[in-house]
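Counting with our numbering, you get residues 729 to 993 for the letters of the sequence shown.
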Amino acid sequence: MSANASTGLMIELANVDVASPVEDGRRVLEGVDWRVAAGNYWVIKSGLEEGADALFLTAAGALRPASGVVRLFGRDTSPFNPEDLLEQRLRISLVLSGGGRLFPELTVAENVALPYCYHRNCELCATGEWFEKLLAFAGLEEWAERLPSELPRAIILNVGLARGLCLKPEVLLLEHPAFGLELGQRRWLLEKLGQLSSGHPILDGRPLTIAVTTTEFQPWVGYGRQFGVIEGKRLRILAGEADARAADDAAGTQLIGRKVDLSER
């Protein structure tokens with residue numbers, strides 16, 4: 729058994745420079761040291777364009793790091809070959825901002841089932857009782873036969889969450905899932921993630937390891953257990969909730985200061 733497996737480490741980034749997924753040669757984050765252990769609930773604060781997507785793509789084994797070491801469940805991902813890492817990658821689910829891309833010609837149910845059917849080599853309609861429970865968990869029963877073009881934004885997020893759970897992952901990475909949500913929708917999301925983190929029957933009672941990014945910590949305090957913030961191409965790990973609240977307060981003070989500066993001109 730590897731040292732990572734024996735200590736419950738699922739994802740480890742050691743001195744990693746994170747590459748841009750769209751610009752060759754550009755490094756969006758530098759010197760990242762991040763360890764995700766079983767049962768963690770990480771909340772990472774970042775702006776929408778500060779590399780959160782690239783960080784999670786790297787952590788999921790979908791993007792080659794510019795430098796440094798990435799280990800998934802104890803396995804070093806270098807030399808980087810996504811096909812060789814399929815076993816580890818299927819244990820990690822990534823939902824990008826907005827719920828990810830949906831196939832416009834497929835119904836909600838088909839979009840949710842697609843990863844399962846692709847990897848299990850089955851028909852889209854042959855998904856069974858558990859799949860119906862998954863749709864119910866995500867609040868999608870009445871939307872199951874709708875096309876993506878018929879969905880409100882909040883429901884698209886639900887589809888992304890359900891699709892992210894369909895392979896019963898051990899780790900769920902969500903990029904800015906609460907951004908733009910109304911209060912009621914945000915509460916629903918926090919409640920669902922809390923249930924998954926504690927252990928829900930939809931995942932056979934196994935607690936799900938979670939990491940999310942957010943533009944502010946406040947909604948996640950009381951839910952998240954580990955905190956970090958992306959600042960100036962660096963991921964800074966915080967000591968706990970008190971530091972998370974302080975980071976929000978500092979950001980608010982800076983924003984007020986900028987408004988005062990502008991008003992005095």
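Ideal Cβ positions, reconstructed from N, Cα and C, are used throughout, including at glycine.
Check                                                                                                                                                                         : Outcome
Should the stretch 911 to 926 be regarded as contacting the stretch 770 to 784, the criterion being three or more beta carbon pairs within less than 8 angstroms?             : no
Go through its chain and collect everything with a Cβ distance to Phe955's Cβ below 6 angstroms, but skip five positions before and after it.                                 : Val771, Leu966 and Ala972
With a 10 Å radius around its C-beta and 16 neighbouring C-beta atoms as the bar for buried, classify Trp858 as buried or exposed.                                            : exposed
Using CA coordinates, which residue listed in Ala788, Arg881 and Leu963 is at the minimum distance from Leu901?                                                               : Ala788
Which residues in the same chain as His928 place their Cβ atom closer than 7 angstroms to its Cβ, once the five residues preceding and following it in sequence are excluded? : none
Buried or exposed: where does Asp812 fall if 16 or more other Cβ atoms within 10 Å of its Cβ makes it buried?                                                                 : exposed
Among all the DSSP beta bridges, which residues are the ones paired with Gln954?                                                                                              : Trp770
Please state whether DSSP places Thr786 in a helix, a strand or coil.                                                                                                         : helix
Which one of Ala882, Asn839, Trp871 and Leu785 has the shortest CA to CA distance from Leu822?                                                                                : Leu785
Helix, strand or coil for Glu959 per DSSP?                                                                                                                                    : strand
Nearest by alpha-carbon distance to Ala978: which of Gly827, Val887, Gln946 and Ala782 is it?                                                                                 : Gln946
Determine the burial state of Phe865: buried for a count of at least 16 other Cβ atoms within 10 Å of its Cβ, exposed for fewer.                                              : buried
Which of the three DSSP states, helix, strand or coil, is assigned to Ala780?                                                                                                 : helix
Starting from Val899, follow the beta strand (DSSP E) in both directions and report where the run begins and ends.                                                            : Val899 to Leu902
Does the beta-carbon distance from Lys961 to Val756 come in below 9 angstroms?                                                                                                : yes
Using alpha carbons as the reference points, say which of Gly779, Pro880, Glu898 and Glu869 lies closest to Glu815.                                                           : Glu898
Does Ser795 pass the burial test, meaning 16 or more other C-beta atoms within 10 Å, or should it be called exposed?                                                          : exposed
Apart from the five residues just before and just after Pro793, which ones in its own chain have a Cβ nearer than 7 angstroms to its Cβ?                                      : Val744, Asp745, Val746, Ala747 and Thr786
Express the C-alpha separation of Leu917 and Gly828 in angstroms, rounding to a whole number.                                                                                 : 16 angstroms
Please report how far the alpha carbon of Ile884 lies from the alpha carbon of Gly826, in whole angstroms.                                                                    : 7 angstroms
Considering just the uninterrupted stretch of the beta strand (DSSP E) at Asn743, what are its terminal residues?                                                             : Leu737 to Ala747
Mind checking whether Val949 and Glu969 have CB atoms under 9 angstroms apart?                                                                                                : yes
Anyone know if the C-beta pair for Thr937 and Phe907 falls short of 9 angstroms?                                                                                              : no
Enumerate, from N- to C-terminal direction, the unbroken alpha helix (DSSP H) stretches of 4 or more residues contained entirely within the stretch 864 to 916.               : 881 to 893
From which residue to which residue does the alpha helix (DSSP H) around Glu815 run?                                                                                          : Leu814 to Arg817
Helix, strand or coil for Asp976 per DSSP?                                                                                                                                    : helix
Quick one: Cα of Pro935 to Cα of Ala765, how far?                                                                                                                             : 12 angstroms
For the alpha helix (DSSP H) that Glu838 lies in, which residues bound it at each end?                                                                                        : Val836 to Arg848
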